[in-house]
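Asks: First the structure, which I've put down as structure tokens, then a few questions once you've had a look.
Numbering (my numbering), first residue to last: 596 to 842.
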């Protein structure tokens, strides 16, 4: 229990250093743009690929399991839309990003720690936590809404593909289900969740990388811990935000 409290205290103290005003805004802006490109734009391909095929498979499975005379066909489109918007595009997609971006951030910062780059910054009077970590957190939080919207559109596009190849799902009924009682608030809810998720992904990954000790083996362990803890945090936050924003 004492070790857990110590870790929480170090995490909070690190965030206190991270969220100070950048010493040089020009350098911060440059790093921010770079992180948006690396962590955000660099993740579009995996978001597109996973969303498309998951949307298609989800729609096909719904068509198979809802092939009953008493169940209207439009419920397939309705159920697919709700699943994609409420959970897949935010929660599941951010768990995938935790594996891609979280491990990358932890290993990058961990490597800087064991090669004493962070120590050199501290000696020069640079706030290493602020300079290295803040652009990563802000960059991911700024770009993830775009990834969520891409995931929603591509996932529904995958559903359209499933309608073309599956005899159980008429396209007209699928479109009717997509439009049935659509609530724009659900998209807002999904974006809010994703922003909170990537805050924990980037900050936890930075924490494990920043405090790593040892060599390359410990950096690998820190990356693994970052992914595991990020996914655990996502599940807890998902429960809390669902209770606060939907129930």
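Virtual Cβ for every residue (Gly too), placed ideally from N, Cα, C.
If you're wondering where the values come from, they're calculated on a predicted model, not measured in any experiment.
Can you check whether the C-beta of residue 762 is within less than 8 angstroms of a C-beta belonging to chain D?
Replies: Structure shown: chain D not included; a single protein chain is present.
Asks: Starting from residue 731, trace the alpha helix (DSSP H) in both directions and tell me its first and last residue.
Replies: Counted from its first residue, the chain shown places residue 731 at position 136. That run of the alpha helix (DSSP H) goes 723-760.
Asks: Please list the terminal residues of the continuous alpha helix (DSSP H) segment that includes residue 689.
Replies: Residue 689 sits at position 94 when you count from the first residue of the chain shown. For residue 689, the enclosing alpha helix (DSSP H) starts and ends at 688-692.
Asks: Using a Cβ distance threshold of 8 angstroms, determine whether the region 797-810 contacts the region 664-683, with at least three qualifying pairs required.
Replies: no
Asks: Across the region 712-720 and the region 770-783, are there enough close Cβ pairs to call them in contact, namely three or more that are closer than 8 angstroms?
Replies: By the criterion of at least three beta-carbon pairs nearer than 8 angstroms, the region 712-720 is not in contact with the region 770-783.
Asks: Looking at the secondary structure, which residues open and close the alpha helix (DSSP H) in which residue 670 lies?
Replies: If you number the chain shown from 1, residue 670 lands on position 75. Looking at the DSSP string, the run of the alpha helix (DSSP H) that includes residue 670 is 669-678.
Asks: Which residue comes first and which comes last in the alpha helix (DSSP H) that contains residue 605?
Replies: The residue labelled residue 605 in the question sits at position 10 within the chain shown. That run of the alpha helix (DSSP H) goes 597-613.
Asks: Looking at residue 784: is its Cβ nearer than 8 angstroms to the Cβ of residue 840?
Replies: The residue labelled residue 784 in the question sits at position 189 within the chain shown. The residue labelled residue 840 in the question sits at position 245 within the chain shown. For residue 784 and residue 840, yes; Cβs fall inside 8 angstroms.
Asks: Going by DSSP in three states, residue 655 sits in which element: helix, strand or coil?
Replies: For the purposes of this step, residue 655 is taken as the residue at position 60 of the chain shown. If DSSP states are grouped into helix, strand and coil, residue 655 belongs with the helices.
Asks: Would you kindly report the start and end of the unbroken alpha helix (DSSP H) that includes residue 702?
Replies: Against the chain shown, residue 702 aligns to sequence position 107. 698-709 is the span of the alpha helix (DSSP H), which, as asked, contains residue 702.
Asks: With H, G and I counted as helix, E and B as strand and the rest as coil, what does DSSP make of residue 883?
Replies: Here the chain comprises residues numbered 596 to 842, so residue 883 is not present and cannot be evaluated.
Asks: For residue 634, count neighbouring Cβ atoms within 10 angstroms of its own Cβ and tell me buried if that reaches 16, exposed if not.
Replies: Here residue 634 refers to the residue found at position 39 when the chain shown is read from its first residue. With 16 or more Cβ atoms within 10 Å of its Cβ, residue 634 is classed as buried.
Asks: Using a 10 Å radius around the Cβ and a threshold of 16 neighbouring Cβ atoms, would you call residue 757 buried or exposed?
Replies: Numbered from its first residue, the chain shown carries residue 757 at position 162. Classification of residue 757: buried, given that the 10 Å Cβ count is 16 or more.
Asks: Which residue wins for smallest C-alpha separation from residue 778, given the options 681, 611, 731, 765?
Replies: The residue labelled residue 778 in the question sits at position 183 within the chain shown. Among 681, 611, 731, 765, the Cα nearest to that of residue 778 is on 681.
Asks: Run through DSSP, which three-state label would residue 763 get?
Replies: Here residue 763 refers to the residue found at position 168 of the chain shown. DSSP places residue 763 in coil when its eight states are reduced to three.
Asks: Just to confirm before moving on: does the CB-CB distance between residue 623 and residue 742 stay below 8 angstroms?
Replies: As a position in the chain shown, residue 623 is number 28, starting the count at 1. As a position in the chain shown, residue 742 is number 147, starting the count at 1. Contact: no.
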